[in-house]
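One line per chain: the protein sequences are A and B, in this order.
Counting in the UniProt record's numbering, the first sequence runs from 1 upward without gaps.
Counting in the UniProt record's numbering, the second sequence runs from 1 upward without gaps.
For reference, the structure discussed in these notes is given below.
There are 2 protein chains.
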Amino acid sequence: MLENQMREIGESAKKASYILAGVSTEVKNQALQAMARALEERVEMIIDANRQDMDAGRAKGLSDALLDRLLLTPERIKGMAEGLRELIGLPDPVGEVTNMRTRPNGLRVGKMRVPLGVIGIIYEARPNVTVDAAGLCLKAGNAVVMRGGSEAFHSNKALANVISAAATSSGIPEGAIQLVPTTDREAANMMMTMNEYIDVLIPRGGTGLIKAVITNATVPVLQTGIGNCHTYIEEDADLDAALKIVVNAKMQRPGVCNAMETLLVNHRVAQEFLPQMAAVFIEKGVELRGCNKTQEIIHCLPASEDDWGTEYLGLILAVKVVEDLEEAITHINSYGTKHSEAIITNSYQKASLFVQRVDAAAVFVNASTRFTDGHQFGFGAEIGISTQKLHARGPMGIEELTSSKFIILGDGHVRS
Amino acid sequence: MLENQMREIGESAKKASYILAGVSTEVKNQALQAMARALEERVEMIIDANRQDMDAGRAKGLSDALLDRLLLTPERIKGMAEGLRELIGLPDPVGEVTNMRTRPNGLRVGKMRVPLGVIGIIYEARPNVTVDAAGLCLKAGNAVVMRGGSEAFHSNKALANVISAAATSSGIPEGAIQLVPTTDREAANMMMTMNEYIDVLIPRGGTGLIKAVITNATVPVLQTGIGNCHTYIEEDADLDAALKIVVNAKMQRPGVCNAMETLLVNHRVAQEFLPQMAAVFIEKGVELRGCNKTQEIIHCLPASEDDWGTEYLGLILAVKVVEDLEEAITHINSYGTKHSEAIITNSYQKASLFVQRVDAAAVFVNASTRFTDGHQFGFGAEIGISTQKLHARGPMGIEELTSSKFIILGDGHVRS
Chain A
1 MLENQMREIG
11 ESAKKASYIL
21 AGVSTEVKNQ
31 ALQAMARALE
41 ERVEMIIDAN
51 RQDMDAGRAK
61 GLSDALLDRL
71 LLTPERIKGM
81 AEGLRELIGL
91 PDPVGEVTNM
101 RTRPNGLRVG
111 KMRVPLGVIG
121 IIYEARPNVT
131 VDAAGLCLKA
141 GNAVVMRGGS
151 EAFHSNKALA
161 NVISAAATSS
171 GIPEGAIQLV
181 PTTDREAANM
191 MMTMNEYIDV
201 LIPRGGTGLI
211 KAVITNATVP
221 VLQTGIGNCH
231 TYIEEDADLD
241 AALKIVVNAK
251 MQRPGVCNAM
261 ETLLVNHRVA
271 QEFLPQMAAV
281 FIEKGVELRG
291 CNKTQEIIHC
301 LPASEDDWGT
311 EYLGLILAVK
321 VVEDLEEAIT
331 HINSYGTKHS
341 EAIITNSYQK
351 ASLFVQRVDA
361 AAVFVNASTR
371 FTDGHQFGFG
381 AEIGISTQKL
391 HARGPMGIEE
401 LTSSKFIILG
411 DGHVRS
Chain B
1 MLENQMREIG
11 ESAKKASYIL
21 AGVSTEVKNQ
31 ALQAMARALE
41 ERVEMIIDAN
51 RQDMDAGRAK
61 GLSDALLDRL
71 LLTPERIKGM
81 AEGLRELIGL
91 PDPVGEVTNM
101 RTRPNGLRVG
111 KMRVPLGVIG
121 IIYEARPNVT
131 VDAAGLCLKA
141 GNAVVMRGGS
151 EAFHSNKALA
161 NVISAAATSS
171 GIPEGAIQLV
181 PTTDREAANM
191 MMTMNEYIDV
201 LIPRGGTGLI
211 KAVITNATVP
221 VLQTGIGNCH
231 TYIEEDADLD
241 AALKIVVNAK
251 MQRPGVCNAM
261 ETLLVNHRVA
271 QEFLPQMAAV
281 FIEKGVELRG
291 CNKTQEIIHC
301 LPASEDDWGT
311 EYLGLILAVK
321 VVEDLEEAIT
331 HINSYGTKHS
341 EAIITNSYQK
351 ASLFVQRVDA
361 AAVFVNASTR
371 FTDGHQFGFG
381 AEIGISTQKL
391 HARGPMGIEE
401 LTSSKFIILG
411 DGHVRS
């Protein structure tokens, strides 16, 4: 039953994707405009649906933080519509042909940018993902099959209905934007092995969700989001600047993936820097967990081995005193999640070494890791921050939602 | 026991990869030269080892074709050495920084090309993969962990020993080139889930191997090689050219992934083209399996549903008469493996539609699918032909064995 339903979803998405690959930028942009307008026109209906989720969430005892992520307001819906309109202005990568060259035998070989096909999104709580993901996938010429969390089911359904109807009425093929219409967990599992219909899966959510998808999926996965990020203070750092940067990296928004989780300090400046750092963080309510050497300098809880590998996403900071740059790099490459890593230094050589040898999507010199973000990098909207090395690394925008194919133009050419 | 052994291999490969990422092009090229020289100097030892595999293969009753793939001769070893030397001349992509831009706040953001890290190769019969893969991975700055087939175990071991010793003596870190020193199947399974140590897996072999890796691996996989390739003859095709192209696509080397497996013919030219085609192929010993309409025109076996989805890799050709371009494209997108697909036509519009709508790594107009190959495309050596859409599509060379990272240079920047 569910299997048939999922197969139908997959088949119609695949079919839509083949048509969508040939739809012009103009039609796609008109659809984005229509989707934005439809959201604004249907605010009340969407908020009614959201109220069902909010009531159920309260009854279920969801935390205030989760309830806030779930909540839709007229302003938030307006924000989603603005997000769609922003996509209209971005360039359409599909169809671009690069490196067309003529081989010695006269054969012309070039590379054409094409959509990925069908993208599967498995996500949690936040209903805005429904609109953001659908818009990005559409602009890149992809069909999308979305499976949201059960807490946001009614909100997601309302949003998906509004935008897919608007897209279809603007000339986008039916099936191009689909939400899996069930909260059955089995539906998500099926998506992970629908290789025949889904070209790429993008999980968006916590560590548990992402690990489950990586472990169970046979469909290729774009891994996003987990960030155990470090900042390393070198002995020659400007300590005033360093303090501002680490406070920003930890505090500007502690619950997100590019926030700092572990601070590494060169032992030559630890005596001077750690007390200043501790004074600020303790005043801001941050719990410090230090290595043995840190504990000799400031008053804090002991850090366990587990602390080095934890993404707290909250007001806890692990602190470690290291011998030198070498130890800092080794620590980061051992415990980091390859997201965002920073060094604070005035040494050209040390900055270069850090940039070269730290294995992460974004490596910073003298700046806060909080800048890892599509908008901050100047690329516009993003569908997530890739922490894997294949295909895309760092913030993924429209271009990262495309693939390429070789086109080979001959004149009766045969291989000898 | 095996688990410890595999963990040690993984750990030392990872460690080597971090050093290798900073090794200069010059040192890598010297190592490639030393590896080539060492192969030439140790020909006798390598052939002795190969003899063990050949004897065991004969005793096991391996087919002549498999024995031929297994066989090493002085010429073949010389060929491997030449392959390594060819890599010296190719550009080193590592370290290139592109799109370095200054953001309005003064932050500089750019993209640096970096190695993938540790690449796992799981492969079958042909021992030359040991040398080719190690050379390509090294040039791109990656450590490699290889697990070859049991039939070629002694040959692979001899080759790996020779080249890894030569590499180490030229300044490449120990652990950069490793062959799993056991024929235990469990070793391959372990590689598939060694996410901590292996960044990317590339299976090279038949459908069974590739499916097993895709199903079981949690490490990201680059899918290669399976090719159920089609050639479609449009009604306006030059039929003489078409015949030469399909004969080339089927016969020039029938056992490889870019050879044609199914011929699609527009019904308006079927009456004229099929008898000419059949005469040539039957004379060459090719078994034809046709759809109902084909059987009305030429004498051949009936094609079953299974035939449309089969990669024969031999002297069998499936033949189908289609109504029009639309049916041809739908058939290819339904049954193809997204490898190489060709149309023979003189129509600009039909060629454009085919190129745009066929979903494959390489789409040909008026040329044989046999051209899908790194050398034929002008890119030099390849590690395989990707048939997936993430990361790389089509022939994968040195650049496809790299990733990128963002580098962000600030001056005390914090996010507001």
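The C-beta atom is built at its ideal place from N, Cα and C for all residues, glycine as well.
All of these numbers come straight from a predicted model, not from anything done at the bench.
Exposure of A/Val-97, with buried meaning 16 or more beta-carbon neighbours within 10 Å
When all chains shown are included, A/Val-97 counts as exposed.
Report the rounded CA-to-CA distance for A/Met-260 versus A/Phe-371, giving the unit in angstroms.
So the two alpha carbons sit approximately 11 Å from each other.
Proximity to B/Leu-66 [Cα-Cα], best of B/Leu-209, B/Lys-244, B/Gly-255 and B/Thr-294
Looking at the Cα atoms, B/Gly-255 is the closest of the given residues.
I want to see whether chain B comes within less than 7 Å of A/Gly-22, judged by CB atoms only; does it?
By this cut-off, A/Gly-22 is an interface position.
Closer than 7 Å at the beta carbon, the chain A residues around B/His-391:
Under the 7 Å cutoff, chain A gives Leu-390 and His-391.
Taking beta-carbon pairs under 8 Å, can you tell me which members of the stretch 354–372 of chain A lie near chain B?
Across the stretch 354–372 of chain A, CB contacts with chain B closer than 8 Å involve Val-355, Gln-356, Arg-357, Asp-359, Ala-360, Ala-361, Ala-362, Val-363, Phe-364, Val-365, Asn-366, Ala-367, Ser-368, Arg-370, Phe-371 and Thr-372, in sequence order along the chain.
Measure the beta-carbon distance from residue 419 of chain A to A/Arg-289 and round it to whole angstroms, keeping in mind my assumption that it falls under 8 Å.
Chain A is shown from 1 up to 416; residue 419 of chain A falls before or after that span and cannot be answered.
Among B/Asp-238, B/Asn-128, B/Glu-186 and B/Asn-216, nearest to B/Ala-381 - alpha-carbon criterion
Closest in alpha carbon position to B/Ala-381, among B/Asp-238, B/Asn-128, B/Glu-186 and B/Asn-216, is B/Asn-128.
Determine the DSSP secondary structure at B/Ser-368, reduced to helix, strand or coil.
Note: B/Ser-368 maps to coil in three-state DSSP.
For B/Thr-262, the residue or residues it bridges with in DSSP
Answer by DSSP bridge pairing, in chain order: B/His-230 and B/Ala-318.
Along the stretch 205–216 of chain A, where does the CB come closer than 8 Å to a CB of chain B? Name the residues.
Cβ contacts with chain B: Ile-214 and Thr-215.
Less than 7 Å between CB atoms is the rule here; does B/Leu-201 satisfy it with respect to chain A?
Using beta-carbon distances, B/Leu-201 does not count as an interface residue toward chain A, since no partner is under 7 Å.
My output table needs one value for A/Glu-287: the three-state DSSP class, helix, strand or coil.
Here A/Glu-287 sits in strand by DSSP.
Along the beta strand (DSSP E) that carries B/Thr-102, what are the first and last residues, could you check?
Counting along the chain, the beta strand (DSSP E) containing B/Thr-102 begins and ends at 97–102.
For A/Gly-208, does the count of other Cβ atoms within 10 angstroms reach 16, so buried, or fall short, so exposed?
Exposed, by the Cβ-count rule.
7 Å CB neighbourhood of A/Asn-105 in its chain, flanking five on each side removed:
Cβ neighbours of A/Asn-105 within its own chain (closer than 7 Å, five residues either side excluded): His-413.
Just tell me which of A/Asn-189, A/Thr-224 and A/Met-190 has its CA closest to the CA of A/Gly-205.
Of the candidates A/Asn-189, A/Thr-224 and A/Met-190, the residue whose Cα lies closest to the Cα of A/Gly-205 is A/Thr-224.
Applying a beta-carbon distance threshold of less than 8 Å, which residues of chain B neighbour A/Thr-218?
Neighbours of A/Thr-218 on chain B, chain order: Ile-214 and Thr-215.
According to the neighbour-count rule (16 or more other Cβ atoms, all chains shown, within 10 Å of its Cβ), is A/Arg-42 buried or exposed?
Counting Cβ neighbours within 10 Å, A/Arg-42 comes out buried, since at least 16 surround it.
Helix, strand or coil: which one does DSSP assign to B/Arg-147?
Strand, per DSSP.
Ends of the beta strand (DSSP E) at B/Arg-51?
In this chain, B/Arg-51 is not harboured by any beta strand (DSSP E); it is covered by the alpha helix (DSSP H) spanning 43–60.
Counting Cβ pairs, one atom from each stretch, are 3 or more of them under 8 Å apart for the stretch 79–86 of chain B and the stretch 106–123 of chain B?
Verdict: no, contact absent.
Within the continuous beta strand (DSSP E) that includes A/Asp-402, where are the two ends?
Per the sequence shown, residue 402 of chain A should be read as Thr rather than Asp. Here the beta strand (DSSP E) through A/Thr-402 covers 402–413.
At which residue ranges does the stretch 121–197 of chain B contain complete alpha helix (DSSP H) runs of 4 or more residues, listed in the order of the chain?
Runs of alpha helix (DSSP H) with 4 or more residues, each lying fully within the stretch 121–197 of chain B, are found at 128–139, 153–169 and 185–192, listed in chain order.
Just to confirm, is the Cβ distance from B/Val-219 to B/Val-213 under 7 Å?
Not a contact, by the Cβ cut-off of 7 Å.
Taking 7 Å as the threshold (beta carbon to beta carbon), is B/Gly-412 in contact with chain A?
It does; some Cβ of chain A falls within 7 Å.
Restricting to Cα atoms, I'd like to know which of B/Gly-110, B/Pro-93, B/Gly-89 and B/Tyr-123 is closest to residue 417 of chain B.
Shown here, chain B extends from 1 to 416; a query on residue 417 of chain B therefore has no answer.
Residues sharing a beta bridge with B/Pro-115, DSSP
DSSP lists B/Thr-402 as partners of B/Pro-115.
Here's the rule I'm using: 16 or more other beta-carbon atoms within 10 Å means buried, otherwise exposed. How should B/Arg-147 be labelled?
In summary, B/Arg-147 is buried, with 16 or more beta-carbon neighbours lying within 10 Å of its beta-carbon over all protein chains present.
Using the Cβ count rule (16 or more neighbours within 10 Å means buried), how would you classify residue 420 of chain B?
No information on residue 420 of chain B is available, as it lies outside the stretch 1 to 416 that chain B covers here.
Grab the span of the alpha helix (DSSP H) containing B/Val-246 for me, first residue to last.
Start and end: 239–251.
Tell me whether B/Ser-334 sits in a helix, a strand or coil according to DSSP, three-state version.
It is helical.
Considering only their Cβ atoms, is the gap separating A/Asn-266 from A/Ser-368 smaller than 7 Å?
At the C-beta level, A/Ser-368 and A/Asn-266 stay beyond 7 Å of one another.
Should B/Glu-186 go down as buried or exposed, given a rule of 16 or more other Cβ atoms within 10 Å for buried?
Exposed, because fewer than 16 other Cβ atoms sit within 10 Å of the Cβ of B/Glu-186.
How many whole angstroms separate the CB atoms of B/Gly-410 and A/Val-365, which I take to be in contact at a CB cut-off of 8 Å?
Yes, they are in contact, since the Cβ atoms of B/Gly-410 and A/Val-365 sit about 6 Å apart, within 8 Å.
Which residues in chain B sit within 7 Å of A/Ser-404, going by Cβ to Cβ distance?
The answer, in chain order, is Arg-393.
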